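Residue numbers (the numbering used here), protein chains in the order written: chain H, 4 to 248; chain U, 2 to 324.
Everything on this sheet refers to the single structure shown next.
Given below as structure tokens:
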């Protein structure tokens, strides 16, 4: 079995988000980058499924050389090898196209990634890769079992869940519940340095979307405190002032 | 030229988020001076389909097909993309729901269209540019994205636009495009849906609780408060990690992001990752015993006090308010 896991290089979850150049660029100064937390869940599940010699896990990242420390982190977690497609991942369409083009050149049983990236919060790549490859895509999954030919997958839906069965190649985007993110151990970190990391060049396609500017939410006004002994007044405020109940 | 909106049905009915997507799509059609067509897939009755006219859909394509009774991601995407071609749609609108997230990217690839998901405002058409504002960095920022493709796809965040009536007479037209058999290779085995609970992603009111509740058996009062309000329940990450509550209730950066009209946070300190998932709520109420809890800094209303005293009082006050 071979599993491809797509990982995205994103700012750490505690990052204070600021912008430069008249709010047109994300300010990366002083920001540490990590494996997108949802992709880590996907990677951990892939490693579990391949454990005990049942298969290999290849991580794929579309990024410039600055993402290599993040790729090494994924190798430290337990991926067997890595592929970096050398390009700035300018939008999901471009990124998905690169992943799909690479997937066409290799053999695999399934492709996993996270439900969304925590930077642009797109949930686009998985389903786009699925469409480019004309294989099923199952978005926002919570459980994944695989018997060697058929995958049984639980997907989140509003107010419940759906169980989907797929035989043959597919791509799924993983949410919490699919696996618990694995923390790399010292042996993993040491061995990551010597694991293969192949760099391939990106293929050009027309650009169809571009972030022109960023904006930050307006600051909220000061909190209006209601004394605990007058709790009932809160209901009145929510009804007559905030008008939300 | 037209605008096409996908109207997702659940058991033959449309939810509020669907009417919101129709209202949004109608506003885009008005900006572009074009008409709005809705596409419904699954077995929805004529009366329910006609309802879509109330929000501005003058035409409804009705795909009633037993094979498509339940959601099939690939097949649904094919049907919507075919409908977009048939209607010469310049813009395709979906709700950014769980299903919408699975459909929009496939439709975008089929139509070679740029996609904005998580849109929070109407597109701005400035000097030939088509700009859409969307949430980014888990609610900590917005990204104004330009789409330059001929066809554009937009997935609208729930509660971002609101339902707006714009009554027209909707004509319903049966539609049955060809679908290739490989579009059915993922098979839905089972659907489990709790019918008595408000679904969290598109809830207007949310009551959320954290570690301050001390133990899972203390959630009774949270559920009672939520029931009285008609709200969905949510929780913080430590609570779902400890299995006190299901992962589907976890809101925050690595859980789900929500933007309800009212978010009541009880016994949640307000870590930056939690705030990221809820900061676009319109009104935030924080109840916490610690006056230094960071959550108070982003709250509109706050009560410094013991949840086990305050919440029962709140329940009594709400009962009195409802008479």
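Think of the CB as a built atom: it goes at the ideal place given N, C-alpha and C, for glycine as much as any other residue.
Owing to the predicted nature of the structure, the values given are computational and were not obtained by experimental measurement.
So what does residue i bridge to, in DSSP terms?
i: residue 59(H); result: 5(H)
i: residue 134(U); result: 145(U)
i: residue 194(U); result: 163(H)
i: residue 66(H); result: 89(H)
i: residue 210(U); result: 236(U) and 267(U)
i: residue 10(U); result: 15(U)
i: residue 149(H); result: 154(H)
i: residue 127(U); result: 130(U)
i: residue 141(H); result: 175(H)
i: residue 228(H); result: 303(U)
i: residue 189(U); result: 167(H)
i: residue 4(U); result: 37(U) and 92(U)
State the DSSP-derived secondary structure class of residue i, mapped to helix, strand or coil.
i: residue 153(U); result: strand
i: residue 283(U); result: coil
i: residue 207(H); result: coil
i: residue 290(U); result: coil
i: residue 295(U); result: helix
i: residue 219(U); result: helix
i: residue 32(H); result: coil
i: residue 12(H); result: strand
i: residue 162(U); result: coil
i: residue 60(U); result: strand
i: residue 26(H); result: coil
i: residue 303(U); result: strand
i: residue 241(U); result: helix
i: residue 177(U); result: coil
i: residue 183(U); result: helix
i: residue 46(H); result: helix
i: residue 80(H); result: helix
i: residue 320(U); result: helix
i: residue 139(U); result: helix
i: residue 79(U); result: helix
i: residue 172(U); result: strand
i: residue 247(H); result: coil
i: residue 37(H); result: strand
i: residue 19(H); result: coil
i: residue 236(H); result: helix
i: residue 201(U); result: coil
i: residue 278(U); result: helix
i: residue 73(U); result: coil
Run the CB neighbour count on residue i, radius 10 Å, all protein chains shown included, and call it buried at 16 or more, exposed below.
i: residue 208(H); result: exposed
i: residue 50(U); result: buried
i: residue 261(U); result: buried
i: residue 190(U); result: exposed
i: residue 188(U); result: exposed
i: residue 201(H); result: exposed
i: residue 195(U); result: exposed
i: residue 127(H); result: buried
i: residue 186(H); result: exposed
i: residue 251(U); result: buried
i: residue 148(U); result: buried
i: residue 113(U); result: exposed
i: residue 258(U); result: buried
i: residue 223(H); result: exposed
i: residue 28(H); result: exposed
i: residue 40(H); result: buried
i: residue 373(U); result: Nothing about residue 373(U) can be reported from this structure: the residues present for chain U run from 2 to 324 only.
i: residue 133(H); result: buried
i: residue 54(H); result: exposed
i: residue 130(U); result: exposed
Given the structure, does residue i come close to the ligand FAD, in the sense that its CB is under 7 Å from one of the ligand's heavy atoms?
i: residue 63(H); result: Absence of the ligand FAD from the depicted structure is noted, as is the absence of any ligand whatsoever, leaving it without description.
> Unbroken beta strand (DSSP E) runs of length 3 or more, entirely within the segment 86-131 of chain H: which are they?
Replying inline: Segments of the beta strand (DSSP E) lying fully in the segment 86-131 of chain H: 113-117.
> Enumerated in chain order, which unbroken segments of the alpha helix (DSSP H) with a length of 4 residues or greater are wholly contained in the segment 244-275 of chain U?
Replying inline: Within the segment 244-275 of chain U, no alpha helix (DSSP H) run of at least 4 residues lies entirely inside it.
> Which ranges would you report for the alpha helix (DSSP H) in the segment 160-224 of chain H if only whole runs of at least 4 residues count?
Replying inline: Listed in chain order, the complete alpha helix (DSSP H) runs (minimum 4 residues) inside the segment 160-224 of chain H are 189-195.
>> Please give me, in chain order, every unbroken run of the alpha helix (DSSP H) with length at least 4 that falls completely inside the segment 86-123 of chain U.
In response: Uninterrupted alpha helix (DSSP H) stretches at least 4 residues long and entirely within the segment 86-123 of chain U occur at 99-111, given in chain order.
> Can at least three beta-carbon pairs, one atom from the segment 173-187 of chain H and one from the segment 132-142 of chain H, be found at a separation below 8 Å?
Replying inline: Yes, they touch.
>> Please give me, in chain order, every unbroken run of the beta strand (DSSP E) with length at least 3 that falls completely inside the segment 19-68 of chain U.
In response: Taking only runs of at least 3 residues, the beta strand (DSSP E) segments lying wholly in the segment 19-68 of chain U are 36-42 and 60-64.
>> Any contact between the segment 23-30 of chain U and the segment 91-102 of chain U? By contact I mean 3 or more CB pairs, one from each, below 8 Å.
In response: Three or more Cβ pairs drawn from the segment 23-30 of chain U and the segment 91-102 of chain U lie within less than 8 Å of each other, which places the two stretches in contact.
>> Across the segment 153-172 of chain H and the segment 67-76 of chain H, are there enough close Cβ pairs to call them in contact, namely three or more that are closer than 8 Å?
In response: Contact between the segment 153-172 of chain H and the segment 67-76 of chain H is absent, because fewer than three Cβ pairs lie under 8 Å.
> Hey, is the segment 78-97 of chain H in contact with the segment 120-134 of chain H, meaning 3+ C-beta pairs nearer than 8 Å?
Replying inline: A contact exists between the segment 78-97 of chain H and the segment 120-134 of chain H.
>> Would the segment 204-222 of chain U count as touching the segment 239-254 of chain U if we require 3 or more Cβ pairs under 8 Å?
In response: Three or more beta-carbon pairs drawn from the segment 204-222 of chain U and the segment 239-254 of chain U are found closer than 8 Å, and the two stretches are therefore classed as touching.
> Looking at C-beta atoms only, is the number of pairs between the segment 113-124 of chain H and the segment 61-77 of chain U that lie closer than 8 Å three or more?
Replying inline: No, because fewer than three Cβ pairs between the segment 113-124 of chain H and the segment 61-77 of chain U fall closer than 8 Å, the two stretches do not touch.
>> Count Cβ pairs between the segment 47-56 of chain H and the segment 29-38 of chain H that sit closer than 8 Å; are there 3 or more?
In response: Taking 8 Å as the limit for Cβ pairs, the verdict is that the segment 29-38 of chain H does not touch the segment 47-56 of chain H.
> How about the segment 170-178 of chain U and the segment 115-127 of chain U: do they share at least three Cβ pairs that are nearer than 8 Å?
Replying inline: By the C-beta criterion, the segment 170-178 of chain U is judged not to be in contact with the segment 115-127 of chain U, since fewer than 3 inter-stretch pairs fall below 8 Å.
>> Taking contact to mean 3 or more Cβ pairs, one atom from each stretch, closer than 8 Å, check whether the segment 277-293 of chain U and the segment 302-321 of chain U are in contact.
In response: Enough Cβ pairs lie closer than 8 Å, so yes.
> Contact between the segment 220-229 of chain U and the segment 311-323 of chain U: three or more CB pairs below 8 Å?
Replying inline: The answer is yes - the segment 311-323 of chain U touches the segment 220-229 of chain U, with three or more Cβ pairs under 8 Å.
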